[in-house]
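Numbering (our numbering), first residue to last: 3 to 573. Virtual Cβ for every residue (Gly too), placed ideally from N, Cα, C.
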Amino acid sequence: MPEETVDQYRAQRMAKRDALAKMGVNPYAVRTPARQNIAPLKAEFEQLEAASEKVEGKQDGPKIGGRAVAGRVLANRKMGKAVFLDLFDESGKIQVYLNAKSLGEQAMAVYEQIDLGDFIWVQGDVQRTRTGEVTLFAAELKFLTKSLAVPPLPRVYKDEQGVEHSADAFTDTELRYRKRYLDLMVHSDVRRRFEQRSLVLAAIREYLGRKGYLEVETPMLHPIPGGARARPFITHHNALHMNMYLRIAPELYLKRLLVGGFERVFEINRNFRNEGIDPTHNPEFTMMELYEAYGDYHSMMEITEGLIRHAAKTIRPDGNLLFKWGEVEIDLGKPFARRRYSDLLREYAQVDLHDMAGMKARARELGLEVHDDHYKLADQVLEATALKHFIQPTFLIDYPTAICPLTKAREDDPQLCERFELFINGVEFANAFSELNEPTEQLKRFREQVELGEKTKDVEAPKEVDYDYVEALEAGMPPAGGLGVGIDRLVMLLTNTHSIRDVLLFPHMKRDHSHGSGGATQRAQLALETLVEEITSPELRKLGREVAPIIDRLEGLVAEFKVAQATRKQP
């Protein structure tokens, strides 16, 4: 819709808001009278209708008297002196009939100020019309909220044969993410997806609760980032005069609870990693992490399968655990496969896990950046060659110990450790291991990790040792298994969604600088912020073929600033 038209509609709506106020009607009501949800009311009527006996010669059907509903007006059809509105709440839609005879002239004057998107309350009898529509015949109307924005409602039209169709008026993907409230307003499938997300979370909590796990909350601000290999977000605690880090994982705090005597704990919360955005990654994401004393990575595999199936059955109460995800069909009912890390490297990359020269050569063939962190390079080679082949749920087990600083090594081969990751359709869904609880070995690995990060200038590597965690281990932590499951990706699978942004209510987006004054300068500032972000991202540190687009962005930045300067010079 052109900007001028939008402004005109807004002005018209503001005028109606002012007219309501002059009539003594609050356009933003303080209280709503008693009401009930629309769907249960319609279900009650249909049950009454089914139970009613048809009386010979009687034209009127059953009626429920004196019921009230409230919601948003999303259709308005005026037919002479009669009016039909479509009223929506979170449960469903009902048709509302208004006329002056039933409501009175004052209420109809209020009706004249109603626009699509406004909220109203109505009370009256519920009957079925001659056209078969369940309808509330309003005897009372109360205005609740004036909407100043024009809602992007579907456009209804008829084709050449007179068949009615509905065209989606809100299809811009970026705008849907930025204005999720509008997306939810007009797309029932989007609302349903987030309802299903809530069901998945409830199912996970119910499953773990039955197994004796205690839900806990651990800090979101950490003095030392740890528990995963990732670049953290940094903030500053003014009162303590120290830098803090948004947590990249809750692991080290949860394992402190095992030291303290809790044997089964879990947490569902946000993690933050200062990394790129793609269809399966968002810097802020939801994880479920659990730790179980006296467990190991074998018991974690069992609980992973059970937990995912239980969540799937919540979405599919009929027990059908075949889920369509894009072009593939995932069977969550069958036992998950198990494959060894080193076997997959030999099978798909044709290189031995411990062959340093061969690994570098294979990495070059694949176009990967070659570096001296051998086992990290092996992981990148594996990701580039093998993971795409695993469509059905597969546990990838026995990772190199060198890239798993918190994991127990295998007793029969210390170069490998008791860790697994679960992959479905080439995407990681879970990560688990037998937890390292030997403090001397943990301290040694922490130090090696810091030293290697300094040597390779790895921005994701930890910068210091968490001595407090090592001290906690010295108090004694029982043998344990730990598991992390990505909630967002699980919801993506169970709802056949292809971007993580579609399962996050408010995904991260670049700031919209279209509001306020100084637009040209703000656009130039945004271009600078974008350029800095691109140059400093780990993915572009290797440069190479990325040099050309960076030069293009620099040229674009210069152009933006020239426009900004010219704008400022104008009288």
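Neighbourhood of residue i by C-beta distance below 8 Å, restricted to the same chain and skipping five residues each side
i: residue 247; result: 223, 224, 225, 226, 227, 234, 235, 236 and 237
i: residue 491; result: 282, 429, 430, 431 and 502
i: residue 219; result: 269 and 271
Cβ distance (whole Å) where residue i is taken to contact residue j below 8 Å
i: residue 313; j: residue 393; result: So it is not a contact: roughly 20 Å between Cβ atoms.
i: residue 76; j: residue 112; result: The Cβ separation is near 18 Å, so there is no contact.
i: residue 435; j: residue 424; result: So it is not a contact: roughly 12 Å between Cβ atoms.
i: residue 282; j: residue 146; result: Rounded, the Cβ-Cβ distance is 41 Å, inconsistent with contact.
i: residue 121; j: residue 72; result: 7 Å
i: residue 479; j: residue 261; result: 5 Å
i: residue 482; j: residue 293; result: 6 Å
i: residue 379; j: residue 362; result: 7 Å
i: residue 83; j: residue 102; result: 6 Å
i: residue 510; j: residue 279; result: 7 Å
i: residue 119; j: residue 182; result: Not a contact, Cβ separation roughly 16 Å.
For residue j and residue i, the rounded distance between their alpha carbons
i: residue 507; j: residue 357; result: 45 Å
i: residue 355; j: residue 459; result: 23 Å
i: residue 497; j: residue 239; result: 40 Å
i: residue 412; j: residue 187; result: 53 Å
i: residue 250; j: residue 275; result: 6 Å
i: residue 63; j: residue 125; result: 19 Å
i: residue 322; j: residue 307; result: 16 Å
i: residue 231; j: residue 503; result: 23 Å
i: residue 373; j: residue 364; result: 12 Å
i: residue 54; j: residue 46; result: 12 Å
i: residue 29; j: residue 21; result: 9 Å
i: residue 417; j: residue 441; result: 19 Å
i: residue 383; j: residue 375; result: 12 Å
i: residue 318; j: residue 422; result: 27 Å
i: residue 331; j: residue 12; result: 47 Å
i: residue 353; j: residue 346; result: 9 Å
i: residue 110; j: residue 132; result: 24 Å
i: residue 488; j: residue 8; result: 41 Å
i: residue 467; j: residue 406; result: 15 Å
i: residue 404; j: residue 367; result: 24 Å
i: residue 26; j: residue 78; result: 24 Å
i: residue 348; j: residue 273; result: 34 Å
i: residue 448; j: residue 243; result: 26 Å
i: residue 174; j: residue 514; result: 15 Å
i: residue 176; j: residue 23; result: 36 Å
i: residue 100; j: residue 277; result: 55 Å
i: residue 296; j: residue 335; result: 27 Å
Other residues of its chain near residue i: CB distance less than 6 Å, five sequence neighbours each side excluded
i: residue 486; result: 289, 291 and 433
i: residue 453; result: none
i: residue 339; result: 396
i: residue 195; result: 497
i: residue 98; result: 87, 89, 124, 138 and 140
i: residue 18; result: 115
i: residue 402; result: 377
i: residue 344; result: 355
i: residue 15; result: 117 and 150
i: residue 350; result: 387 and 388
i: residue 37; result: 70, 71 and 72
i: residue 65; result: 127 and 129
i: residue 258; result: 474
Chain-order list of residues whose beta-carbon lies under 7 Å from that of residue i (same chain, five-residue window excluded)
i: residue 444; result: 438, 472 and 475
i: residue 316; result: 201, 202 and 205
i: residue 192; result: 185 and 186
i: residue 172; result: 154, 178, 184, 185 and 188
i: residue 327; result: 427, 495 and 498
i: residue 300; result: none
i: residue 107; result: none
i: residue 10; result: none
i: residue 359; result: none
i: residue 333; result: 323, 324 and 394
Beta carbon proximity, residue i to chain D, threshold 7 Å
i: residue 368; result: Absent here is chain D; the protein component of the structure consists of one chain.
Any non-hydrogen atom of the ligand GTP closer than 6 Å to residue i Cβ
i: residue 199; result: Questions concerning the ligand GTP fall outside what the structure shown contains, since it holds no ligand whatsoever.
Checklist entry - Contact between the segment 37 to 45 and the segment 93 to 104: three or more CB pairs below 8 Å? => result yes
For the segment 113 to 177, which segments carrying the beta strand (DSSP E) assignment without a break, of at least 3 residues, lie completely within its bounds, in sequence order? 121 to 130, 136 to 147, 157 to 160 and 166 to 169
Taking three-plus beta-carbon pairs below 8 Å as touching, is the segment 211 to 222 in contact with the segment 262 to 272? yes
Fully enclosed by the segment 356 to 435, which beta strand (DSSP E) runs are 3 residues long or longer? 396 to 399 and 421 to 426
Going residue by residue through the segment 221 to 262, where are the continuous beta strand (DSSP E) segments of at least 3 residues, counting only ones entirely within it? Whole beta strand (DSSP E) segments, 3+ residues: 236 to 239 and 244 to 248.
Unbroken beta strand (DSSP E) runs of length 3 or more, entirely within the segment 19 to 97: which are they?
66 to 81 and 84 to 91
Review point. Which residue spans inside the segment 422 to 503 form an unbroken beta strand (DSSP E) run of at least 3?
Key: Annotation: the segment 422 to 503 contains the following complete segments of the beta strand (DSSP E) (minimum length 3 residues), in chain order: 429 to 436 and 482 to 488.
query: What are the complete beta strand (DSSP E) segments, minimum 3 residues, inside the segment 270 to 326?
result: 286 to 295
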